[in-house]
Amino acid sequence: MNAQLVSPLSFETPHTQATPMSVAVTRAGKLYDLRPALRDISLTIPVGARVAMLGPNGAGKTTLLRILATLAKPSTGRVEIEGLDVVTEANDVRRVVGYVGHQPHLYDELTARENLLFFARMYGLRDGAQRAGKLLERVGLRAKANQRVRTLSRGQTQRLALARGILHEPRLLLLDEPDTGLDDDANALLAELIRERADSLTTIFTTHNLERGLALSDTTLVLVGGRVAHMGPARDLTVDAVRAWYTRAGRRAL
Amino acid sequence: MMNDTRAFWQQTFAIIWKDLRCELRARQVWVSMAMFAVLVLVVFNFAFDLRVDNVAAVGPGALWIAFVFASMLGLGRTMAAEQEHGSLDRLLLCPVDRKALYLAKLLGNLIFIGVVEVIAVPVFAAIYSLPILTGMIVPIVLLGTLGVAAVGTLFSAVAANTRAREVLLPLLVFPLIVPVVIGAVKASQALVSPVPNDPPWIGLLIAFDVIFLSISAITFPYVIEE
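So the protein sequences, as listed, match chains D and A.
Everything in the first sequence is counted per the numbering used here, starting at 526 for the first residue and increasing by one.
Everything in the second sequence is counted per the numbering used here, starting at 2 for the first residue and increasing by one.
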């Protein structure tokens, strides 16, 4: 992505210009019933970055994730993932994007294995059964593989959702508050799974747990009122600084 | 990755398999639909003073009202169940041709309604004493159900995003399926009491099925996406 193409208000992650870009957002905006959820956002994220997307409620975090996941279309601007346009090349984008939301969104009446096999078929994977077996083992659900999802605990269901999110080996993983409902062990597993794939996997996640967000990421993206308030190395940011943005945003909203 | 046509059919059958398996385990819709269809037939039998000379005129109408009412129960659940669990979004995140999703939901609905009809038609034949159990009832029921399901599957996706979906779905679907229901009732009447020079009702059913299927398949991807 050519940095000159984006607006003066563009943000780039702290990597070299030669690093291939995973995500390029150019002057993207999103309106819901004429109410702006995102305003003229421009940013680039290189391959392999771990981006914590932070911001108070209503900042536009979920909207941006939904656009990157092809679940919503930008009202203005252009959003590309690995050079693919999320609107005109949506199906190609879907093959390289994985998504884990704060709700598991699994089929309660299917078993853990059946859920993974179903999504393997949706992604056209030939070795779906093999991948499902390996992932069930990896997320500690091998013993529960043949149990229906409705009999699993919230934490187990969220682990299964995580396995489903990486089943097709995405190159961009979007996580919308994935730590909701996860215990400490499962959160550690999530961090491990991300770090194991650090070379090839770009991760963007939202969280309200600022400490965990800053620890897991190498880049922070702070959204306030649908705009990028800050983007830079995670090490340059403290929890107090992020909280100060939240407080200022809260005052403006009053 | 596989070629597009193979992927299309694999995804279609995977969604049907998933819906059938979930329904067979939960048994939420099938039993209610079948019970409802049989109850409508019984109530109509009591509500009308049916005699030998008028049963052939009234009976097929009652049969199709039972089918259409029972179908609404199943059609309403088609997308609503996905929407309630948030799994519709998850399905839309997959690289699935939206027409494959429509076809899968349509075929799934046809199977659900078909099972109800297999139960309801013999019950109807017994209660109303009409010779409807002939080979010709199969294409009539199939074509009539296809028309209802084609429109119903499309509008179940429209209604799924609304709060009053149970009310909205019949309001949207009933006016549109009137020609199909009329054609199916008349074709069923012709089966039990043939009339000379009757219009080609089966031809009308085929024509409306083709129209409804084409429009629904084209429109569905726009309805389901944001």
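All residues carry an ideal CB built from backbone N, CA and C; glycine is no exception.
Small disclaimer: the values here were computed from a predicted structure and weren't measured.
Next item on the list: Please report how far the alpha carbon of residue 705 of chain D lies from the alpha carbon of residue 683 of chain D, in whole angstroms.
Entry: Walking along the first sequence from the start, residue 705 of chain D turns up at place 180. Walking along the first sequence from the start, residue 683 of chain D turns up at place 158. Going from the Cα of residue 705 of chain D to the Cα of residue 683 of chain D covers about 8 Å.
Notebook entry, point to check: Going by C-alpha distance, which of A/66, A/191, A/192, A/24 is nearest residue 37 of chain A?
Noted result: As a first step, residue 37 of chain A must be located in the second sequence, where it is residue number 36. The option with the nearest alpha carbon to residue 37 of chain A is A/66.
Checklist line | Opposing strand residues paired with residue 730 of chain D [DSSP bridges] | finding: Locating residue 730 of chain D in the first sequence gives position 205, where the first residue counts as 1. The partner list for residue 730 of chain D (beta bridge, DSSP) reads D/577, D/700.
Checklist line | Collapsed DSSP secondary structure at residue 757 of chain D in the structure displayed | finding: Translated into the one-based positions of the first sequence, residue 757 of chain D becomes position 232. When secondary structure is reduced to three states using DSSP, residue 757 of chain D falls in the strand class.
Check: Leaving out five residues before and five after residue 205 of chain A in sequence, what residues of the same chain have Cβ atoms less than 6 Å from its Cβ?
Finding: Looking up residue 205 of chain A in the second sequence gives position 204. Only 184 meet the Cβ criterion.
Check: What are the complete beta strand (DSSP E) segments, minimum 3 residues, inside the region 148 to 204 of chain A?
Finding: none
Item checked: Rounded separation between residue 635 of chain D and residue 700 of chain D - CA only -> As a first step, residue 635 of chain D is located in the first sequence; it is residue number 110 there, counting from the start. As a first step, residue 700 of chain D is located in the first sequence; it is residue number 175 there, counting from the start. Answer to the nearest angstrom: the Cα atoms are 23 Å apart.
Item checked: Contact with chain D by residue 227 of chain A, beta-carbon distance below 7 Å -> The residue labelled residue 227 of chain A in the question sits at position 226 within the second sequence. So, interface residue.
Checklist line | Cβ-Cβ separation, residue 101 of chain A to residue 6 of chain A (assumed contact under 8 Å), whole Å | finding: Here residue 6 of chain A refers to the residue found at position 5 when the second sequence is read from its first residue. Here residue 101 of chain A refers to the residue found at position 100 when the second sequence is read from its first residue. No, residue 6 of chain A and residue 101 of chain A are not in contact; Cβ-Cβ is about 10 Å, not under 8 Å.
Next item on the list: Could you tell me if residue 10 of chain A is buried or exposed, where buried requires 16 or more neighbouring beta carbons within 10 angstroms of its beta carbon?
Entry: For the purposes of this step, residue 10 of chain A is taken as the residue at position 9 of the second sequence. Residue 10 of chain A counts as exposed, since fewer than 16 other C-beta atoms from the protein chains shown sit within 10 angstroms of its C-beta.
Notebook entry, point to check: Three-state secondary structure (DSSP) at residue 634 of chain D?
Noted result: Within the first sequence, residue 634 of chain D is the residue found at index 109, counting from 1. Coil at residue 634 of chain D, not helix or strand.
Next item on the list: Give a yes or no on whether 7 Å exceeds the smallest Cβ distance from residue 78 of chain A to chain D.
Entry: For the purposes of this step, residue 78 of chain A is taken as the residue at position 77 of the second sequence. Closer than 7 Å: no.
Check: Taking the alpha-carbon positions, what's the residue 44 of chain A to residue 105 of chain A distance?
Finding: The sequence position of residue 44 of chain A within the second sequence is 43, counting from 1. The sequence position of residue 105 of chain A within the second sequence is 104, counting from 1. When rounded, the distance between both Cα atoms is 34 Å.
Item checked: Interface flag, residue 187 of chain A vs chain D, CB-CB below 7 Å -> Stepping through the second sequence from its first residue, residue 187 of chain A is reached at position 186. So no, residue 187 of chain A is outside the interface.
Check: Does residue 88 of chain A have its Cβ less than 7 Å from a Cβ in chain D?
Finding: Counting from 1 along the second sequence, the entry for residue 88 of chain A is found at position 87. So yes, residue 88 of chain A belongs to the interface.
Margin query: Please confirm whether residue 8 of chain A has its beta-carbon closer than 7 Å to some beta-carbon of chain D.
Written below: Stepping through the second sequence from its first residue, residue 8 of chain A is reached at position 7. Yes, contact with chain D.
Notebook entry, point to check: What three-state label does DSSP hand residue 714 of chain D in the structure shown?
Noted result: Looking up residue 714 of chain D in the first sequence gives position 189. In the structure shown, residue 714 of chain D sits in a helix (DSSP, three-state: H, G or I).
Next item on the list: Given a cut-off of 7 Å, decide if residue 110 of chain A and residue 150 of chain A are closer than it, judged by their beta-carbon atoms.
Entry: Mapped onto the second sequence, residue 150 of chain A falls at position 149. Mapped onto the second sequence, residue 110 of chain A falls at position 109. Yes, the pair counts as a contact, with Cβ atoms nearer than the cut-off.
Margin query: Using a Cβ-Cβ distance cut-off of 7 Å, determine whether residue 643 of chain D contacts chain A.
Written below: Sequence index remark: in the first sequence, residue 643 of chain D carries index 118 (1-based). It does; some Cβ of chain A falls within 7 Å.
Notebook entry, point to check: Taking 7 Å as the CB-CB cut-off, is residue 573 of chain D touching chain A?
Noted result: Numbered from 1 along the first sequence, position 48 holds the residue referred to as residue 573 of chain D. False, the Cβ-Cβ gap to chain A never drops below 7 Å.
Next item on the list: Flag residue 165 of chain A as yes if its beta-carbon sits less than 7 Å from any beta-carbon of chain D, otherwise no.
Entry: In the second sequence, the residue the question calls residue 165 of chain A occupies position 164. With 7 Å as the cut-off, residue 165 of chain A does not count as an interface residue toward chain D.
Note to self: Using a 10 Å radius around the Cβ and a threshold of 16 neighbouring Cβ atoms, would you call residue 20 of chain A buried or exposed?
What the structure shows: The residue you call residue 20 of chain A lines up with position 19 of the second sequence. Result: buried.
Notebook entry, point to check: Quick one: is residue 190 of chain A buried, meaning 16 or more other Cβ sit within 10 Å of its Cβ, or exposed?
Noted result: Position 189 of the second sequence, counted from the first residue, corresponds to residue 190 of chain A. Looking at its Cβ environment, which holds 16 or more other Cβ atoms inside 10 Å, residue 190 of chain A is buried.
Check: Closer than 9 Å, Cβ to any Cβ of chain A: which residues of the region 573 to 599 of chain D, in chain order?
Finding: 591, 594, 595, 596, 597, 598
Item checked: Chain-order list of residues whose beta-carbon lies under 8 Å from that of residue 210 of chain A (same chain, five-residue window excluded) -> Residue 210 of chain A sits at position 209 when you count from the first residue of the second sequence. Excluding sequence neighbours, residue 210 of chain A sits near 144, 147, 148, 151, 181.
Check: Hey, would you say residue 546 of chain D sits closer than 7 Å to residue 571 of chain D, going by beta carbons?
Finding: Along the first sequence, read from residue 1 onward, the residue named residue 546 of chain D stands at position 21. Along the first sequence, read from residue 1 onward, the residue named residue 571 of chain D stands at position 46. The answer is yes: Cβ separation under 7 Å.
Margin query: Is the separation between the beta-carbon of residue 756 of chain D and that of residue 568 of chain D shorter than 7 Å?
Written below: Residue numbering aside, residue 756 of chain D sits at position 231 when the first sequence is read from its first letter. Residue numbering aside, residue 568 of chain D sits at position 43 when the first sequence is read from its first letter. The answer is yes: Cβ separation under 7 Å.
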